[in-house]
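Novice:
Numbering (the numbering used here), first residue to last: 2 to 292.
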């Protein structure tokens, strides 16, 4: 029964994506996509979201952490994360996916009706779940609404979006979302620290101040930060710096030394060394390759 519904949803996706590789459903905050070729080492900062895989295979790397998810699974990103992604696909077996941004306001509205017994300990706040029958039904109705019943979107879209958030909160990964949203929890305070670090990543890292603002001792802050992100605060900041540097290099508007200063490196040789370690090539060589 579940397998039949899964195949029906996959067929529906292939029909919707016959002419385009990507369809953005802005009213729903959802993107439908297919990929017909393998994609290696795409570096990006992922905002809180969920990605359902209907066909194909994806890999996500966060420093030394590696996560693989395949058809019938989904990956939840609960905080902003610097990541490296890979896609395994071909024309005969394209990768099909549905991506949805997680809406914190909807999740907070739903929190009071979710049982407390699901709030247990876990590790890194990127986690894989299995698509169940309830989620399949919700996704199918959502795609049908967006593609066939556009006159009903204004009324029904918010309801289906609420339902999908509700279904996710009730899954095994949902307890992580609950902790991140629970006011005063360690996870919620680390989430706030991450938001601050993302906005000020080019500035000197003052971990003592971050711990103080999170109302934690330095050792507890380090431990909780690594638990939430899988990284130390310094590794997280370094990833943000280097990802932004690569974006600027590809724009071809600034010199390598200007980019290094812009992202917070006072030492050009250190910038080049860490860039090479992260991306496997030097910033000057990458800049030359873009011309």
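Built from N, CA and C at the ideal position, the CB exists for glycine as well.
Under the rule that 16 or more other beta-carbon atoms within 10 Å means buried, what is residue 224, buried or exposed?
Specialist: Classification for residue 224: exposed.
Novice: What does a CB cutoff of less than 6 Å around residue 172 pick up in its chain, not counting 5 residues either side in sequence?
Specialist: Counting only Cβ-Cβ distances below 6 Å, and skipping sequence neighbours, we find 130.
Novice: Grouping DSSP H, G and I as helix and E and B as strand, with all else coil, what is residue 127?
Specialist: In this structure, residue 127 counts as strand in the three-state DSSP scheme.
Novice: Figure out for me which residue from 248, 146, 265 has the closest Cα to the Cα of residue 287.
Specialist: Selected option, being the one with the closest Cα: 248.
Novice: For residue 1, does the three-state DSSP call read helix, strand or coil?
Specialist: Outside the shown range of the chain, which is 2 to 292, sits residue 1, and nothing can be said about it.
Novice: Given residue 277, which residues of its chain have a CB within under 7 Å of its CB, disregarding the five upstream and five downstream residues?
Specialist: Around residue 277: 283.
Novice: Determine the extent of the alpha helix (DSSP H) in which residue 109 is found, giving its start and end residues.
Specialist: Residue 109 -> alpha helix (DSSP H) spans 105-111.
Novice: I'd like to check one pair, residue 57 with residue 36: are the Cβ atoms closer than 9 Å?
Specialist: Going by C-beta atoms, residue 36 is nearer than 9 Å to residue 57.
Novice: Take every Cβ of the region 203-211, pair it with every Cβ of the region 47-61, and state whether three or more of those distances are shorter than 8 Å.
Specialist: With the cut-off at 8 Å, the region 203-211 and the region 47-61 do not touch.
Novice: If you follow the beta strand (DSSP E) that residue 132 is part of, which residue opens it and which one closes it?
Specialist: From DSSP, residue 132 is part of no beta strand (DSSP E); its letter is neither H nor E.
Novice: Under 8 Å: do the region 81-92 and the region 61-70 share three or more Cβ pairs, one atom per stretch?
Specialist: Yes, since at least three Cβ pairs between the region 81-92 and the region 61-70 fall closer than 8 Å, the two stretches touch.
Novice: Based on Cα-Cα distance, which residue from 19, 25, 32, 46 lies nearest to residue 246?
Specialist: The shortest C-alpha separation from residue 246 is found at 46.
Novice: Excluding the 5 residues flanking residue 261 on each side, which residues of the same chain have their C-beta closer than 6 Å to its C-beta?
Specialist: Excluding residues within five positions, the ones whose Cβ falls inside 6 Å are 269, 272.
Novice: Can you check DSSP and say which residues form a bridge with residue 68?
Specialist: DSSP lists 61 as partners of residue 68.
Novice: Taking only the alpha-carbon atoms, compute the straight-line gap between residue 291 and residue 202 and give it to the nearest angstrom.
Specialist: For residue 291 and residue 202, the distance between alpha carbons rounds to 25 Å.
Novice: From 40, 102, 17, 90, pick the residue whose C-alpha is nearest to that of residue 30; which is it?
Specialist: Out of 40, 102, 17, 90, 102 has the C-alpha closest to the C-alpha of residue 30.
Novice: I need the DSSP call for residue 39, collapsed to helix, strand or coil.
Specialist: Residue 39: coil per DSSP, three-state reduction.
Novice: Work out the CA separation of residue 140 and residue 160 for me, nearest whole Å.
Specialist: If I take the Cα positions, the gap works out to 12 Å.
Novice: How long is the line joining the alpha carbons of residue 263 and residue 241, rounded to whole angstroms?
Specialist: Straight-line Cα distance between these residues: approximately 12 Å.
Novice: For residue 118, name the three-state secondary structure that DSSP assigns.
Specialist: For residue 118, the pLDDT reaches just 45, beneath the cut-off of 50, and the residue's location in the model is therefore unreliable, although a value from the coordinates is still provided. Looking at residue 118 - three-state DSSP - the assignment turns out to be helix.
Novice: Give me the residue from 235, 236, 289 with the minimum Cα distance to residue 254.
Specialist: Closest by alpha carbon: 289.
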